[in-house]
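Residue numbers (numbering that gives the first Met the number 0): 0 to 249.
The beta-carbon is built from N, C-alpha and C at its ideal position, and this holds for glycine as well.
Keep in mind the model is a prediction, meaning the values are calculated, not measured.
Note sheet for the following structure.
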Amino acid sequence: MEILKQLIRASIPDKTLGRLREARDAFYQVRPDYESVERREFMRKSFTALSFNGISGDYLEFGSWGGMTFSLAYHESRRVKSTCKLWSFDSFRGLPPQVGPEDEHQMWIEGAMSTGLAEFKAICKRNGIPENDYVTVPGYYEDTLETQYVGDIKLPNDVAMAYIDCDLNSSTRTVLSFLSSRMKHGMILALDDYYCYSPRTLSGERLACLEFLLNDRRFHFSPFVQFGWHGMSFIVEDRAKHPSQQPEIP
Ligand SMILES: C[S@@+](CC[C@H](N)C(=O)[O-])C[C@H]1O[C@@H](n2cnc3c(N)ncnc32)[C@H](O)[C@@H]1O
C-alpha cells in the first residue's frame, strides 16, 4: 500500500502536489466539522481560564501535523490578549513506528500524518500566525526532549498549557517525562487522543497519564474539559495542597 502511494506521488508533478496539499490544508482549516468546532471551544475555554486565573507560561504543542490545533491555540490565546509564545514539537516526518503493545492502534501507522517543516510554516503564515510568535522544534522527541537546548534554542521552562497530540503511548511517555520538571499547579494538560485505545489492552495517551501519576506523586490531574469523543484535559494540581493530604483537624 505504502509503495503504491509512493508511486502515485512520484508520478504527480511537484507543483500539482503542492497545490493539492494547499487545497487539503485549506479544507482542513475551514472544515466546520464537530472535531475542529469542539477543539476551538476547548481552546477558548482553556485560554480564558488561564488568563482569568493568572497562570503564566507558554503554550507547548506536541504533535502539530496540519496545524489545526496550533492555529486554534494561537487565535484563542490572542483573543484573551495573551502574548504567550507557542511551541510546536514535531518530527515533521510523521509518526514514528509503534514500539510495543501499548502503542497498538489501527490508525497509528508509521510515517502517517507527515507535514514537512516548510509546509507547516506556510500553514502558520496562511493562518495569520506571525513568525516571531512561535518556535518549532523539529525532530523525534527521543532526540529533542532529552536536553535543555536543541541547537541554539533553549527549551521553555514555564508552561501554561501543554497540548499532547502525538497519539502513541511511547511518544506521550517521553513528552510527560520532559514535562515532569515543568509541571506546575494551575497549568492545563490536554490529551487529544485520551480515549483512543486498543481493543486488547490499556494503551495510548491515557495509559501514559496513569503511569505518570503512579510514578510522580507530586500532582493530581483534576478533570477539566472533554473535547470531541477523543480528547480530555486536566488542571494540574499540587497534591500536597489537596485536602486529602492535609493532617486531620483534631
Ligand atoms: C495527530 S497528528 C497532530 C495533529 C495536529 N495537532 C493538528 O491539529 O493538525 C500527530 C503528530 O504527532 C507527531 N509525532 C508523534 N510521535 C512523535 C515523536 N515521537 N516525535 C516527534 N513527533 C511525533 C507526528 O509527526 C504527527 O505530526
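Quiz item: By how many angstroms is the C-alpha of HIS184 removed from the C-alpha of GLY56?
Solution: 12 Å
Quiz item: Can you give the Cα-Cα distance for ASP191 and PHE41, rounded to whole angstroms?
Solution: 11 Å
Quiz item: Just to check, is the beta-carbon of SER197 closer than 8 Å to a non-hydrogen atom of ligand 1?
Solution: no
Self-check item: C-alpha distance - VAL29 paired with ALA121, whole-angstrom precision
Solution: Residue placement at VAL29 is flagged as unreliable, the pLDDT there being 49, under the threshold of 50; a coordinate-derived value is accordingly withheld.
Self-check item: 6 Å Cβ shell around MET182 - same chain, five flanking residues per side excluded
Solution: PHE218 and VAL235
Self-check item: Close Cβ partners of CYS165 (< 7 Å) along its chain, the five nearest in sequence each way excluded
Solution: PHE61, GLY62, THR171 and VAL174
Quiz item: Three-state secondary structure (DSSP) at VAL29?
Solution: Note that VAL29 scores a pLDDT of 49, beneath 50, so its modelled location is shaky and nothing firm can be said.
Quiz prompt | ASN131 classed as buried or exposed, judged by whether at least 16 other C-beta atoms fall within 10 angstroms | solution = exposed
Quiz item: With a CB to CB cut of under 7 Å and the five nearest residues on each side skipped, what residues in its chain are close to SER221?
Solution: PHE233, ILE234 and GLU236
Quiz prompt | Beta-carbon gap between VAL136 and LYS84 smaller than 9 Å | solution = no
Quiz prompt | MET112 classed as buried or exposed, judged by whether at least 16 other C-beta atoms fall within 10 angstroms | solution = buried
Quiz prompt | Proximal residues to THR114 (C-beta, below 7 Å), its chain only, five neighbours per side dropped | solution = TRP64, GLY65 and PHE91
Quiz prompt | Rounded distance between the beta-carbons of MET160 and SER45, thought under 8 Å | solution = 6 Å
Self-check item: Sequence-distant residues of its chain with Cβ nearer than 6 Å to LEU49 (five each side left out)
Solution: ALA159
Quiz prompt | Through-space distance from GLN245 to LEU94, alpha-carbon basis | solution = 43 Å
Quiz item: With burial defined as no fewer than 16 other Cβ atoms inside 10 Å of the residue's Cβ, what is the status of ALA189: buried or exposed?
Solution: buried
Quiz item: What are the boundary residues of the alpha helix (DSSP H) that VAL174 is part of?
Solution: 168-179
Practice problem: Check whether the Cβ of PRO173 lies closer than 8 Å to any heavy atom of ligand 1, and answer yes or no. | Solution: The sequence shown places Thr at residue 173, rather than the Pro named in the question. Yes, the Cβ of THR173 comes within 8 Å of a heavy atom of ligand 1.
Quiz item: Nearest-angstrom Cα distance between VAL224 and SER10?
Solution: 45 Å
Quiz item: Can ARG38 and PHE177 be called in contact, C-beta distance under 9 Å?
Solution: no
Quiz item: Around the Cβ of PHE51, are there at least 16 other Cβ atoms within 10 angstroms (buried) or fewer (exposed)?
Solution: exposed
Quiz item: Shortest alpha-carbon distance to SER70 belongs to which of ASP142, SER35, ASP102 and GLN147?
Solution: SER35
Quiz item: How would you call ASP102, buried or exposed, if buried means at least 16 neighbouring beta carbons within 10 angstroms?
Solution: buried
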